[in-house]
Structure formats: structure tokens, C-alpha cells
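Residue numbers (this note's numbering): 5 to 469.
Glycine included, every Cβ here is placed at the ideal spot set by N, Cα and C.
What follows is one structure encoded as C-alpha cells, with my remarks underneath.
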RNA sequence: GGCGGCAUAGCCAAAUUGGUAAGGCAGUGGCUUGCAAAGCCAUGUACUCCCGGUUCGAGUCCGGGUGCCGCCUCCA
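Okay, structure coming up:
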């Protein structure tokens, strides 16, 4: 079995072969920390999390770098409008971002380099590009000359000639100081609208363009050539295209071997927008009392290259799926005695799981393998054929696969209060006395209090509603 | 206007890449249960958006159409 990814560069699924055996350098475009991230942002970060987790599951030592964009037009505008210093804003939203990652069970990258902490690297990269003749200056700003990089457009398959035609009708060329409307800024000269946001460097007083940060930081942490670069499809052009141009012109080497792009998320079939009222940050959803794991499930269960239709129906279905898995775990924990060890069933499940994931991270297929396993094992539990060893093996399998999916965890452990246990006990006594009216009354009261009782051959099982 | 992606049962969503449609949720019937819950079994004729075409055979390939989405303006 071989791990294969769909490479945007070639538009084909390719067998994955890292530059250095057993090691993977992974760079994923991170957030601009000027606001709370929305659920669509997290779709991409979730995909990258699953990718990283599966690479690790496959035995690769992954170095995962995600940038934080902490200087950029929108941020500067916010500074201007609120009078708040840049750092204060970015610190607040960086903190919120990390908290959200934790809520969703997204593993932390190895480093989150911030643009403002890598001005030196960017300046140095721009200087290299200037020395090699890829730049020109206009009114103190430095631009990348696209015509100096003939391969431009290879990733997004954009035809530059048509791009120009397409743009000419809509773009007021007077707004551009560039020789060619497609050229992009590497360094932006300071003007009064930038306020306090500027750096005095060899390139003058100003700030870096957006694209240069990813080139500078990815190469700093992962080398001039590395394995995988991810992002949302919207970053493909021009951002990733520009990164390739900057990086390859500067280093003379192939920048990235595998480009993986995540499709967008729509809400209830519609593009997420504030005017439609279907714009959600993670916090908005938590306020509605939605289980973060259900959100994780919905974000992760659709193939990353497929548009993900996020809906409240889907969240509810995800909740039920989570319950099924949690109930399965509770059931296994109660199995006692001798019986089947489930070695074959476990192996079959894991193989099917890996076959699906190896095929460009087919999570739906991988989850299907797990559900088939659960149904098979449940059947055997019903028949009393499973032994403690089998139950242990099945639970261990779920734990192992959970390192990839992150949605197979047991129910949150919550101590059942004494008074609830007392009620359960009272109900058991009533049942023994065949006073079902009383038993049902107690059960109703417990349900109202948020506790579910399930009678099993081993006694009553209590869990949170 | 240019380029690209997507369209599978009530909902979500796969299909080893041309070989005769996974899985989950919801629903229905049954077993089990004091009744439930959980679990198991059974159950959907899916004209795979529409119209053509290639092929022994197409959800999968080609052409046309419709709809949705993205990029072309520093939004994952």
C-alpha cells in the first residue's frame, strides 16, 4: 500500500515520497489574526490536522509550520479605526485562535512564526531577488516582476495573457503603480495611512507585502525545498503562485513537491456571509450549545477536496454518530470473561481504514471501515462471544485510529453525583419489587435532570443525556 | 468576460480511478426489554442534475446544457 496525494501542481494523484526518508516538512498557510476565525477557516485547519496526524500515524516525523499574519492591510485599517496598537490586536486574536484550535482538538504545529518577527528574513529574501534582477522599485515600494519568471501560473493553470485581458475591463489601472497590473508588492513603502506600522530597513521605511512572509518563513524553517504545502483553494492564486515565484527565483530550487488544497465550506448550501446570517465563528456555535466534537466530525468527515456543506442537520447527525461510538466504548468496557479476541476483525478494520486514508485522505471511507467494525463487534457482543481480551483489543484499536481522527474519544468523564446514584439504586429496587410505576417515575426525573439510564444484563448504565 | 471545481437516496457522504452504486443520520417493520434506551436483523426501484456521444460495459471518459461554488481585487 502506498500513500497517495492529489497534487495541485500536476492535477494527479501521486505516490508520496518525501525528500528525506521518514521525514516530512509541512507548511500550511495560517490565519490573519485580525478577528476571530470562522468555521470555514477551520475547515482548512482541520484538513491539515488530519493530514499531519495521518502522516504521523504512517510513521513520518512531521515538522509542521503554520504562519501567523500579523501585519497586513486589514490589520492596519483596524489600528487606524480603533487607535489600538497592532500588537494588542494580534495578541488578542492569536490567543483566541489557539484556544479555538484546542477546542476542536487540532494539534499544535511545531512553530507558528509571525510575520513581524521575521522582517529581517523577508528583507534578505527581497534583496536576493533584487540582486537577481526580479524586482523593480516604484515610489519606494518594491515589486516582483512577473515577466522574469516564465513558469508563473503553473500551479493555478492561469494563462497570464488571458488574465490580463480579463482584468483590464474591471481594474482601474490608475490605481496600480506597477509596470504590469499583475506584478505584486514585495515591500510597501510607508505612507500616512500606515500610522505607526512600519519598519526602517535597508529597503527603506515600510512593511513587507503579504506573499513574501510565507516564502521567507517556510524556507527558514523547512529549507529551500520541502515536501508539502497546504492552504485553501482561494490561496492557490495568487498567493501560492507568488510564493513559488519568489522562492524559486531566490533559491534556484524547486520550492515544494506536493501542493494540497482544501475546498471551501458552505453553510446550508450557501456561501457563508454575514448578510445571509449564516456566518459562524467557532464561538457562535459553542454558544448554541453545540458539541465541539460534532463540529470536528462535520469538518473532518467530508473529503478535503469536496465542498463541505455545513448544516445543523449535519451537526445533529454527527452527534448521533459520536454517541454510537461512545456507547460502543461503554459496552466494550463492560465485557467480562473469556471469548473471541477479535484480532482478525481489528486487523481488517485497520487495513480498510488505512487503504482509504492512503488514497488521498479518504476520511469518509475510513470512517465507514470503523462503522462496519462496530456493527460486527456489536453483533458478537449481543451473542456473548466477546471476551475481555477482545474488548481490550477493540478499544485499543479505536484509541489508535483516534490518533488520526480525533473523534473516537470516550465520553467526557463526568463523575455521577451521589444523589443521582442513590436515585438509580432506588429505581433498581423498585424494579426488583416490580413497582414499575415508581421505577419509571424515577427514570423520568433523572431524564429531566439530564441523565440517561440504560438497563443492561450487568445492571443500570448511567450516562449524560 | 477569462480560468477552475462541484452536482450521488429525506439529510450528510464514499466509490480501488470504466466493470455494474460504501458508510452515517433520519424513517419504517421485527427481535430484545416490565416499558424504554442501547444493540441486532430487515427495509429505500438512488432513471448517480439534464441531453447527446465513445465503449461489450460510464457515477466514473468526451461534447453540449442547467445549477451552485471558487479564483481573476492581500478571504481557508
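Query, Result
"Would the beta-carbon of residue 366 fall within 8 Å of that of residue 307?", "yes"
"Tell me whether residue 161 is buried or exposed, calling it buried when 16 or more other Cβ atoms sit within 10 Å of its Cβ.", "exposed"
"Return the CA-CA distance between residue 82 and residue 211, expressed in angstroms with no decimal places.", "16 Å"
"Using the Cα positions of residue 113 and residue 323, report the straight-line distance between them to the nearest angstrom.", "27 Å"
"Count the other CB atoms within 10 Å of the CB of residue 51; is the residue buried (16 or more) or exposed (fewer)?", "buried"
"For residue 333, name the three-state secondary structure that DSSP assigns.", "helix"
"So for residue 88, helix, strand or coil by DSSP?", "coil"
"From the DSSP output, in three-state form, read off residue 177 for me.", "Confidence is the limiting factor: at residue 177 the pLDDT is only 37, short of 50, which leaves the residue's position unreliable, though a coordinate-based value still follows. DSSP places residue 177 in helix when its eight states are reduced to three."
"Report yes if the C-beta distance between residue 326 and residue 220 is below 8 Å; otherwise report no.", "no"
"Are the CB atoms of residue 362 and residue 6 within a distance shorter than 8 Å?", "yes"
"Compare the Cα-Cα distances from residue 321 to each of 297, 337 and 458 and report the closest residue.", "297"
"Checking 8 Å against the spacing of the C-beta atoms, do residue 201 and residue 90 come in under that value?", "yes"
"Quick check: the Cα distance between residue 232 and residue 248, rounded to an integer number of angstroms?", "13 Å"
"Specify the secondary structure class of residue 400 as computed by DSSP and reduced to three states.", "helix"
"Between which two residues does the alpha helix (DSSP H) carrying residue 136 extend?", "Element bounds for residue 136: n/a, residue is neither H nor E."
"Using the three-state DSSP reduction, which class does residue 146 fall into: helix, strand or coil?", "strand"
"What residue from 78, 28 and 127 has the CA that sits closest to residue 37's CA?", "78"
"Of all the options 54, 42, 31 and 62, which has the alpha carbon lying nearest to the alpha carbon of residue 25?", "62"
"Would you decide whether residue 3 is buried or exposed? Buried here means 16 or more other CB atoms lie within 10 Å of its CB.", "No answer is possible for residue 3: the residues shown for the chain start at 5 and end at 469."
"Three-state secondary structure (DSSP) at residue 244?", "helix"
"In or out: residue 213 buried (at least 16 other Cβ within 10 Å) or exposed?", "buried"
"Within this structure, are the beta carbons of residue 123 and residue 203 separated by less than 8 Å?", "yes"
"What is the residue span of the alpha helix (DSSP H) that residue 187 lies within?", "It is not in any alpha helix (DSSP H) - residue 187 carries neither H nor E in the DSSP assignment."
"Do the stretch 257-271 and the stretch 325-345 touch if we need at least three Cβ pairs shorter than 8 Å?", "no"
"On the CB-based measure, 16 or more other CB atoms within 10 Å of its CB, does residue 454 come out buried or exposed?", "exposed"
"Assuming residue 276 contacts residue 44 under a Cβ cut-off of 8 Å, what Cβ separation, rounded to an integer in Å, is found between them?", "6 Å"
"Tell whether a beta-carbon distance below 8 Å holds between residue 434 and residue 424.", "no"
"Here's the rule I'm using: 16 or more other beta-carbon atoms within 10 Å means buried, otherwise exposed. How should residue 460 be labelled?", "exposed"
"State whether the stretch 375-392 contacts the stretch 329-344, with contact taken as three or more CB pairs (one from each stretch) at a distance under 8 Å.", "yes"
"Just mark residue 145 as buried or exposed, buried being the case when its beta carbon has 16 or more other beta carbons within 10 Å.", "buried"
"Give the DSSP-derived three-state secondary structure of residue 125 in the structure shown.", "helix"
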